[in-house]
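Every number in our numbering is 2 more than the matching position in the sequence shown, counting from 1. Notes to accompany the following structure.
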Amino acid sequence: MTERSPMLPPERTRTLILASALLRGAVAAGLGLGSLAVLVTVLWISSPYPESGPGGALRTAAGIWLLAHGAELLRPDTLSGVPAPVGVVPLFLVVGPVWLAHRAARDAAEPDEGGRRPSQAGVFCAVTAGYLLVVAGAAAYARGGSLRVVPETLAFPVALVVAGAVAAGVWTAAGRPFGPLPSWAPLVLQEAMARTLYRERAATACRAAAIGAAVLLGGGALVVAVALGRNAAAAQESFLVLSGDWSGRTAVLLLAVALVPNAALWGAAYGLGPGFALGTGATATPLGLSGDPAVPDFPLLAAVPAPGPATPLSWAACAVPLVAALAVARCVLRRAAPADGPPARAWSPRETALTTGLAALGCGALTALLTAAAGGPLGTGALGAFGPVGWLAGPAALAWTAVVGVPAALLVRLWRLREPGWAWRGDAPDADGTEDAEKPDEAGRKEEAGRKKRAWGRRADPVEPKRAAVPATSASTPEATPSAPAAPEPVTTLERDARDARDDEDDAGFEPYDFLPTDPWHEHEKDRHERDLDKKDLNERDSGRTGPDEKGPRTRDPQGKGRRGKDGREARWASLKQGSGGLMADFPAYIPAALRSDEPSAAPAGTDGRSAPGTQDGPGAQDGPGAPGPTP
């Protein structure tokens, strides 16, 4: 008997999954709110002059938590009695709530132990609803505090930020796919996303856009750091003036850290050109600070440039968007024309330019979104506009990235796909078509003798160099000085085609041939030939005569020292093999007995190979020119 879990109907299982997702969203929101409440409570406890009780501290924490989602707050307690809006969102505080919502959606969309994956749409709605329930409760609780929430901002952008984080979590759980699109999407986009090539281009463009925005953010942070370094004394004085106790200074320091991403975006907008607003009547740009700025006393604002015309250091901030555009082009080229990839797989110029343009569009959209979130009002009157303007910074980023990135991508693509024939030549001839030859001297060779000329041009096709004519020398000249070889002449297209056609005609006249066998058949032929000779010698020895032919008596050299003997054949074979240049076989040619003619009679004496006068090799042998030849 086995233990089994109770089986639930599909409807009840789906309900439990959605309830679990709803609870996950509420828990994620509660964790973010609780963490911030603990921090604010600690600062309230450590403050020597608390203005309210613990309830006021918790309401302030709820207001700050809603501000981290993009909500706009109101400060009712002002000297003029008019509530002052606070719309500058500390972007560092946004990271915590967004990450918690993303993680809750990702965990809720994971398959269960049985491998069943819940509905993505159901998980998205459940997690978002659970999170927004806590948002609504926090907004209602903060209404009686020192930082109240503007109700209109709860729908936009708070709900939009939560929905975006939850959607990103569901997409991550699904494996970050690029498609398919929902059924309500336009048919043209659905067909485009169904193509693998389009998805690859879209993924490359999104990645390049994110890299471009990150480079802009990093460059802006560098600009702010340099400016703060130059005005470090003013920043320190502002930090000490704002609060005299350590708890207050800790709060100012934490607020400055939370506003560091905002300052980086301000620096990026400054480098892009539109700059940022310092109130309703002042703007800081690379060309200078114009108007009457209304700058509150805060350490980060010490980096604001002084009024007056711009300096070369201010113009150097324009290098930030230039580097961002080059980074976008490089990211696109990693897929469009890899440095170590085959040219056949490279994208066309149109695809490269289009993908870079889409990346520039995405970079501009991200820049506009981030810069819009980095600014906002800090009060009424002159402080009603503070920070960069998104609808100006976004198009500026698009223009920089498109104008610089697209040509850069096309030029680098052209360079990587260039023909390998172009190079710096070190063997270019002189003007007269010859090169200076090195001439030895008694004291040594000069360093400048024989140096080759250099020229930039295309490498000529390899051709056989023409041999220089050697001048005639007299017999009295002990040694002739060889002339320098002539430089190879460049081959034109017509000459190359004619040479190729001639080579094709020559190759057509050749036919395949059989190679010589490598089996040891010649060894057996040699043994059989030797046996036939031995048998013939025995027969002649038994008969006592040599068997004359019709032309006269025949003699045989039993020692093989005649002109056609064994040693002679081997000597001739070795000579032929040496002169053949490696074309002869490694074994000698042994003629079968049926096809081989008998050797001529050998002369026993004489240095010239002739028989001595009056001597015979066998009965009836003759010498001299009239001696009979070999009998076949």
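Every residue, glycine too, gets a C-beta built ideally from N, C-alpha and C.
Looking at the DSSP output, Leu76 bridges to Pro87, Arg150.
Collapsing the DSSP output to three states places Phe180 in coil. If you ignore the 5 residues before and after Leu162, its C-beta comes within less than 6 Å of no other C-beta in its own chain.
Arg197 counts as exposed, since fewer than 16 other beta carbons sit within 10 angstroms of its beta carbon. In the structure shown, Thr357 falls within a helical segment according to DSSP collapsed to helix, strand and coil. Among the bridge pairs identified by DSSP, Ser292 is matched with Thr285. In the three-state reduction of the DSSP assignment, Pro120 falls in the coil class. In this structure, DSSP gives Leu261 a state outside helix and strand, which the three-state scheme calls coil. Gly220 sits in a helix when the DSSP states are folded into three classes. With a cut-off of 8 Å on Cβ pairs, the segment 251-270 is in contact with the segment 364-377, counting three or more such pairs.
Between Arg420 and Ala338, the gap from beta carbon to beta carbon reaches 8 Å or more.
Here the C-alpha atom of Gly177 lies approximately 15 Å from the C-alpha atom of Ser121. In the structure shown, Leu280 adopts extended strand secondary structure according to DSSP, grouped into three states. If you draw a straight line from the Cα of Cys333 to the Cα of Ala341, it is about 12 Å long.
Take Leu363, set aside five residues on each side of it, and the residues of its chain with a beta-carbon closer than 7 Å to its own are Leu400, in chain order. In the structure shown, Gly389 falls within a strand segment according to DSSP collapsed to helix, strand and coil. Across the set Phe388, Trp393, Leu280, the C-alpha of Phe388 shows the shortest separation from the C-alpha of Val91.
At the C-beta level, Pro351 and Leu413 stay beyond 8 Å of one another. Between the alpha carbons of Tyr143 and Arg61 lies a gap of roughly 7 Å.
Pairing Gly392 with Ala374 gives a Cβ-Cβ distance under 8 Å. Of Ile213, Ala296, Pro379, Leu230, the smallest CA-CA separation from Val325 is found for Ile213.
Distance between Pro311 and Gly36, taken at the CA atoms: about 48 Å. Annotation for Cys333: the continuous alpha helix (DSSP H) segment containing it runs 321-338. For Pro314, the three-state secondary structure derived from DSSP is helix. For Ala59, the enclosing alpha helix (DSSP H) has its first and last residue at 56-69. The three-state reading of DSSP puts Asp114 in coil, since its state is none of H, G, I, E or B.
For Glu239, the enclosing alpha helix (DSSP H) begins and ends at 234-244.
Taking 8 Å as the upper bound for CB-CB distance, Val226 and Ala286 are not in contact here, some 12 Å apart. For Leu224 and Val297, the gap between their C-alpha atoms comes out near 21 Å.
With contacts defined by Cβ atoms closer than 8 Å, Leu135 and Ile66 do not form a contacting pair. For Gly83, the closest C-alpha among the options Thr382, Ala576, Asp534 is that of Thr382.
When Cβ pairs closer than 8 Å are counted between the two stretches, the segment 154-161 is seen not to touch the segment 185-192, the count staying below three. Under the DSSP assignment, Leu303 falls outside any alpha helix (DSSP H); it carries neither an H nor an E label. For Val160, there is no enclosing alpha helix (DSSP H), as DSSP marks it with neither H nor E. For Val190, the enclosing alpha helix (DSSP H) stretches over residues 189-195. Going by C-alpha positions, Ala253 is about 30 Å away from Val217.
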